[in-house]
Amino acid sequence: MAKTRRVFQILFLCFFIFLFIRARYPYEVGLGSDLFLRFSPLIPLFDLVSNLQISAILWPALIILALTPFIGRFFCGWICPLGTTLDITSKVVKSPDNRKSVDVSKWRPVKFGLLLGLIVLGIFSVPIWGIFDPLSIMNRALTVVFYPLSTLLAENTFRGLSSISFLEGPVFAAYDWFKMVLMPEEQAHLQQVAWIALFFGGILSLELVTRRFWCRNLCPAGALLGFLSQFRFYERLVGDACPQCGKCQRECKMDAIPQDDARETSKVECIECFNCGETCPPKIQAITYRWRWKPYRSVVDFHRRGFLNATVGGFAAIGLVSIGIDNRKDTSVLIRPPGSMPENEFLDRCIRCMECVRICGSNGRCLQPGNVQGDIQHLWTPVAVMRAGYCEYNCNLCGAVCPTEAILPLTLEDKKQTPMGLAYFSKDLCIPYARNEDCIVCEEHCPTVEKAIQFDEKEYVAPDGTTRIVKYPYVVRDRCIGCGICEFKCPLPGDPGIFVTSENEERLEQLPAVS
Amino acid sequence: MRRRHFIKYAGMSLLGISLAPYSKILQAQTSPEAVWVENGEPEQLLLAALNAFGGLNTFISRGDVVVIKPNIAWDRAPELAATTNPDLVAALVKQCLDAGAKEVKLFDRTCNSARRCYRSSQIEAKAKDAGADVELVRDFRFRDLRIAEGEEIKEWPVYPDYLEADKTINVPIAKVHSMSQVTLGLKNLMGVMGGERGSLHNHFATKLIDIDRELLPTLTIIDAYRVLEHNGPVGGNVNDVRQARTLIMSACVATADRLALDLFGIPVVQVGHIKEAYARGINKFDFDNLNLKKITLS
Chain H
0 MAKTRRVFQI LFLCFFIFLF IRARYPYEVG LGSDLFLRFS PLIPLFDLVS
50 NLQISAILWP ALIILALTPF IGRFFCGWIC PLGTTLDITS KVVKSPDNRK
100 SVDVSKWRPV KFGLLLGLIV LGIFSVPIWG IFDPLSIMNR ALTVVFYPLS
150 TLLAENTFRG LSSISFLEGP VFAAYDWFKM VLMPEEQAHL QQVAWIALFF
200 GGILSLELVT RRFWCRNLCP AGALLGFLSQ FRFYERLVGD ACPQCGKCQR
250 ECKMDAIPQD DARETSKVEC IECFNCGETC PPKIQAITYR WRWKPYRSVV
300 DFHRRGFLNA TVGGFAAIGL VSIGIDNRKD TSVLIRPPGS MPENEFLDRC
350 IRCMECVRIC GSNGRCLQPG NVQGDIQHLW TPVAVMRAGY CEYNCNLCGA
400 VCPTEAILPL TLEDKKQTPM GLAYFSKDLC IPYARNEDCI VCEEHCPTVE
450 KAIQFDEKEY VAPDGTTRIV KYPYVVRDRC IGCGICEFKC PLPGDPGIFV
500 TSENEERLEQ LPAVS
Chain B
0 MRRRHFIKYA GMSLLGISLA PYSKILQAQT SPEAVWVENG EPEQLLLAAL
50 NAFGGLNTFI SRGDVVVIKP NIAWDRAPEL AATTNPDLVA ALVKQCLDAG
100 AKEVKLFDRT CNSARRCYRS SQIEAKAKDA GADVELVRDF RFRDLRIAEG
150 EEIKEWPVYP DYLEADKTIN VPIAKVHSMS QVTLGLKNLM GVMGGERGSL
200 HNHFATKLID IDRELLPTLT IIDAYRVLEH NGPVGGNVND VRQARTLIMS
250 ACVATADRLA LDLFGIPVVQ VGHIKEAYAR GINKFDFDNL NLKKITLS
């Protein structure tokens, strides 16, 4: 069983990465790249808590949740790509076994406390749970850290090799193939790299303390699944032959077997990795796994005190978020992808997985992981930064890959008519206004059918008495969709002569009716 | 030398001298300086124009590496006339290979996301089918080109494949342009330029011709099958497109451009960069005495 489990873990991890890589232009038919992300068991819970509904698109997670009371935390042990990454890390860093490591079992309730605190926050519509969602963590790290890193590595390797003259041809052929299959044409460079890398690196480095430290003690998804599996029907049974040698206790990834009694198993903690069966000496083979219709119950390691602490902590966090600065300058640059739901619902649904940022990276590359703007709610939500990229007129892929439809999957026609902002000229910088010379790069790139940037031709009399005709651009408000290509292409070196604000943005409650 | 021979040679040379202008006319009749073909499908237009020049082998030799530079700048469908007609490009690729070109490379530095432009314009698919090497431009490969005679631009990054090619064919689509009035052959060459091209936009004529004079193509083919008459260069509205069903070809890019102004009825004095091209003498032919061949297909 442990061997089968390992094969499945690797397969699921590869599948996760495969879907991740597929999330790019051209994005055509077949499996949606958001499929795996919708397996996250936390999404339906928080959909219920925040929106009092469970959306049908969350069926993959509902399958997991429906099976867990019967077979336990198999998701953690077999499917979760973060769990698999942690297992690989623990092999690399040689995590200490349960006897050698410091006793961290007192940390266990933290994950329940975290889940409860997040639920309290969710009830009051302060949805920050996505930051801790294991699948989001994984996807975020891939998008922001690992993918750009491997692009950098690959490109430099190819560039280095191509400088050797006789290798140039084949290397560029390989490079093109690589680009077609793996990397978008130009790597998007993303903000928040350091923090996301630290967050992910922190989780990985906890493997130095014990195996699966994150899953044992911190993961809110693990807490939810653990809570659901306390009565599970699939059990580990230890026969009379067991000499209590302690091998299985030592090897248990989750420390789910109490150190003083190898016959017990905590169903709340066990992730069904079947390592115990594998470590049990062949001559003894005391451990069997089977279905039983009268299961015993494992106690959830979370008591009234923890419950109170977490609830109070949750309320304190609500308070902290609510007293954050309300700065209109921040909201004016908080430009959401086209088709986003109204801000509150958007924040409720967004799981901070960065899938939209990922696919945008193969297009106009405007979407970035958000900063802490005023309060922590905006952290790692997608924000369009037009000086870094722009929204491609013919692209609607961010909505197509959003696992929770926080960004609605608009048709291309609808997307082109859904403004995400409005452009303003900064006339003390803009070249025609500031220097009375032609430029018009913004007007040239404006993609709308009726151009949103127009210009007046006026005669300018220079100090030396010569005259020339100069084109002075302006924005037609009701044509501008805020795509930001004008801001991106503005040839000024620093601050642009034209910039997009979130003014005029259109948020949608639901998909527009088919006309 | 005997008298008889003297008279014979003198007579012949006199005859030769007197016929010399005719020979020039004769030669001119067989090989025009520019060709204007109208009323045909893209491939027919191309073949007719090449025929008038005596085939593509007038320009291309066996074993040449040829670079074709179409306009693939925008993420637009061919019907919107923002990018060069893909059927024309494909036909040209085929002609180059038939003329014995060793390799036909095709690329453009795009304004929208490169892969989108290559795809939406249909140029990538059709040119590849015809046998061209269609490559995305790699930003790191641009090399700084010294421009000794540049008035404002002394150095600019240019794509090496273009500079290293044996022959280059410039295939713009005829469009109006908000800043430069029109975008034709001279402006289309911006697609092999790297760097921050937006900064060329002020003092555009001087800067463009500074760089263009180092990049003059072997042949310029202006695709005017569809012509974008408003909202250029990006377009986006089919109502701005006119079916002109025309093609203009010349070994001189400035000549081709100046001819193409007739499509829009814009006088050359209004077009700074074409004016500048003539003022600085990068034209190969005298426009007032141009040997132009006009062909109307039936």
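Keeping their order, the protein sequence lines are chains H and B.
Numbers 0 to 514, taken from numbering that gives the first Met the number 0, label the letters of the first sequence in order.
Numbers 0 to 297, taken from numbering that gives the first Met the number 0, label the letters of the second sequence in order.
We put the CB at the ideal spot given by N, CA and C, even for glycine.
Hey, which unbroken runs of the alpha helix (DSSP H) at 4 residues or more fall wholly within the segment 336–413 of chain H?
342–348, 354–359 and 396–400
In this structure, how does DSSP classify H:Phe-498 when only helix, strand and coil are distinguished?
strand
Let me confirm a value: B:Ser-17 is counted as buried when at least 16 other C-beta atoms fall within 10 Å, else exposed. Which label applies?
exposed
Determine, for H:Cys-390, whether the minimum Cβ-Cβ distance to residues of chain B falls below 8 Å.
no
On the CB-based measure, 16 or more other CB atoms within 10 Å of its CB, does B:Gln-180 come out buried or exposed?
buried
Based on the DSSP secondary-structure assignment, which residues constitute the bridge partners of H:Pro-533?
Lying before the first or after the last residue shown, residue 533 of chain H is absent from chain H, which here runs from 0 to 514.
Do the segment 386–406 of chain H and the segment 194–209 of chain H meet, that is, are 3 or more Cβ pairs less than 8 Å apart?
no
Short of 7 Å in beta carbon distance, which residues of its chain neighbour H:Leu-57, apart from the five on each side in sequence? Order them along the chain.
Arg-37, Ile-42, Pro-43 and Asp-46
Listed by chain order, chain H residues near B:Arg-61 by CB distance under 8 Å:
Going along chain H, no residue has its Cβ under 8 Å from B:Arg-61, so there is no contact; the nearest lies around 21 Å.
Taking only beta carbons into account, state which residues of the segment 435–447 of chain H come closer than 8 Å to chain B, listed in chain order.
Glu-436, Asp-437, Cys-438, Ile-439, Val-440, Glu-442, Glu-443, His-444, Cys-445, Pro-446 and Thr-447
At which residues does the beta strand (DSSP E) containing B:Asp-160 begin and terminate?
Looking at the DSSP string, B:Asp-160 is not in any beta strand (DSSP E); the run it does join, the alpha helix (DSSP H), is 159–163.
Any chance the segment 424–434 of chain H sits against the segment 373–383 of chain H, with 3 or more Cβ pairs inside 8 Å?
no
Assuming H:Thr-417 and H:Leu-409 make a contact with CB atoms under 8 Å, what is their CB distance in whole Å?
6 Å
If you measure between the beta carbons of H:Ala-383 and H:Ile-334, is that distance less than 8 Å?
yes
Can you list the residues of chain B that H:Ile-163 reaches, using a CB-CB cut of under 9 Å?
Correct list: empty, because the minimum Cβ distance to chain B is about 15 Å.
Does DSSP put B:Gln-43 in a helix, a strand or coil?
helix
Are the Cβ atoms of H:Val-192 and H:Val-144 separated by less than 8 Å?
yes
Only counting runs of 4 or more residues, tell me where the alpha helix (DSSP H) segments fall wholly within the segment 153–231 of chain H, in order along the chain.
167–180, 192–204, 212–216 and 219–227
Just to confirm, is the Cβ distance from B:Val-237 to B:Leu-79 under 8 Å?
yes
Using beta carbons (cut-off 8 Å, strictly below), is H:Pro-490 in contact with chain B?
yes
Between the CA atoms of H:Pro-25 and H:Phe-301 - distance to the nearest angstrom
48 Å
Measure how close the beta-carbons of H:Phe-11 and H:Thr-83 come, nearest whole angstrom, since I'm counting them as under 8 Å.
7 Å
Proximal chain H residues relative to B:His-200, where beta-carbon distance stays under 7 Å:
Asp-437, Cys-438, Ile-439, Val-440 and Pro-490
Counting only beta-carbon atoms, is B:Met-248 nearer than 8 Å to chain H?
no
Can you give me the Cβ contacts of B:Ser-249 inside the same chain, cut-off strictly under 8 Å, excluding the 5 residues immediately before and after it?
Glu-32, Ala-33, Val-34, Leu-218, Thr-219, Ala-255, Leu-258 and Phe-284
Below 8 Å CB to CB, which residues in the same chain sit around B:Tyr-161 once its five sequence neighbours on both sides are set aside?
Val-66, Lys-68, Thr-167, Val-191 and Leu-214
Starting from B:Asp-239, trace the beta strand (DSSP E) both ways and give me its first and last residue.
That residue, B:Asp-239, is in no beta strand (DSSP E); it is neither H nor E in DSSP.
What residue from H:Arg-348, H:Asn-503 and H:Met-253 has the CA that sits closest to H:Leu-51's CA?
H:Arg-348
If you check the beta carbons only, do B:Asn-70 and B:Pro-41 fall under 8 Å apart?
no
Between the segment 13–43 of chain H and chain B, which residues of the former have CB atoms less than 7 Å from a CB of the latter, in chain order?
Tyr-24 and Pro-25
Would you say H:Met-419 and H:Pro-341 are within 8 Å of each other, going by their C-beta atoms?
no
Any idea which residues DSSP pairs H:Tyr-590 with across the strands?
Residue 590 of chain H falls outside the range modelled here, since chain H spans only 0 to 514, and no answer is possible.
Any beta-carbon of chain H closer than 8 Å to the one on B:Arg-241?
no
My output table needs one value for B:His-272: the three-state DSSP class, helix, strand or coil.
helix
By the 10 Å Cβ neighbour count, where 16 or more other Cβ atoms means buried, how is H:Leu-181 classified, buried or exposed?
exposed
Which residues of chain B have a Cβ atom closer than 7 Å to the Cβ of H:Ile-358, listed in chain order?
Those do not exist, as H:Ile-358 stays about 12 Å from chain B at its closest Cβ, beyond 7 Å.
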